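What follows is a single structure, written as structure tokens, with notes after it.
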Amino acid sequence: DGGITQSPKYLFRKEGQNVTLSCEQNLNHDAMYWYRQDPGQGLRLIYYSQIVNDFQKGDIAEGYSVSREKKESFPLTVTSAQKNPTAFYLCASSIFGNPNEKLFFGSGTQLSVL
Amino acid sequence: AQSVTQPDIHITVSEGASLELRCNYSYGATPYLFWYVQSPGQGLQLLLKYFSGDTLVQGIKGFEAEFKRSQSSFNLRKPSVHWSDAAEYFCAVYQDTDKLIFGTGTRLQVFP
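Quick mapping for you: the protein sequence lines, in order, are chains D and S.
Here the first sequence stands for residues 640 to 753, where the numbers follow the working numbering.
Here the second sequence stands for residues 3 to 114, where the numbers follow the working numbering.
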């Protein structure tokens, strides 16, 4: 079945550590997105990519980095510069440039600080 | 910039009662509007969408939404709520055709 796979489901970060969240899709979608979800704040866009080897900052990119070396993969690194990383992270994909197309979401990664 | 407001953080209804979740948007042109639902610890699932045509849109699970340009609203409705509808609901609008902007969400609790 086609879909988006996020791993791990739960992740713990130590002080000063970088961690990477995985997102893989087999839907042949061009566009991929990372959202951060905090209680009461809805989903906020971190980064998005419309094509391989290209990506743009969203509203809250500071302290995060991404890469898009393959169409299927869009990993997110939470760096030590992100001082409040505890949140639920959602990856999504869609057909680029067609706002009539819905986003497909992964099941999320809960990141917590030790 | 486009924005979405969901004024109700938390709504509680009895099973079998009707439901209306409010959504207001800020956008100059005809917006592309969506409602998504999220179960705890899961990703989001599309309920319905509007981008043109009939202002009353039917979605999955018995939900519908009405686009009212004069009120800048896209409220979600269901005539009879089931316990399985308990979840968080998000309204969203496309910004510049390449970014989906979400509201802050409304958590629905259903009492038997």
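Built from N, CA and C at the ideal position, the CB exists for glycine as well.
These numbers come from a predicted model, not from an experiment.
By the criterion of a C-beta distance shorter than 7 Å, S/PRO9 is surrounded in its chain by ARG24, once the five residues flanking it on both sides are discounted. In this structure, D/LEU742 keeps its C-beta atom at 8 Å or more from the C-beta atom of D/CYS662. Inclusion of S/SER74 and S/TYR27 in the CB contact set at 8 Å is warranted, their separation being smaller than that value. For the C-beta of S/PHE104, the chain D residues within less than 7 Å are, from N- to C-terminus, GLY681 and LEU682.
In chain order, LEU102 make up the part of chain S whose C-beta sits under 7 Å from the C-beta of D/LEU742.
Residue burial annotation: S/GLU22 is exposed, with fewer than 16 other C-beta atoms found within 10 angstroms of its C-beta. Per DSSP, D/SER646 is one residue of the beta strand (DSSP E) stretching across 643-646. If only uninterrupted beta strand (DSSP E) runs of at least 3 residues are considered, those enclosed by the region 18-100 of chain S are 21-23, 26-28, 35-40, 46-52, 58-60, 66-70, 75-80 and 89-97.
Chain order gives no chain S residues near D/LEU750, where near means a beta carbon separation below 8 Å; the closest approach is about 13 Å. In the three-state scheme derived from DSSP, where H, G and I count as helix and E and B as strand, D/ALA670 is classed as strand. Here the C-alpha atom of D/MET671 lies approximately 30 Å from the C-alpha atom of S/ASP56.
The beta carbons of D/GLU711 and D/GLN664 sit closer together than 8 Å. In the three-state reduction of the DSSP assignment, D/GLY681 falls in the strand class, which pools E and B.
With contacts defined as CB atoms closer than 8 Å, D/ASN692 and D/GLU708 qualify as a contacting pair. Per DSSP, reduced to three states, the secondary structure at D/LYS709 is strand. At a cut-off of 8 Å between C-beta atoms, S/LYS51 counts as an interface residue with respect to chain D. DSSP, reduced to helix, strand and coil, places S/ILE13 within a strand of the structure shown.
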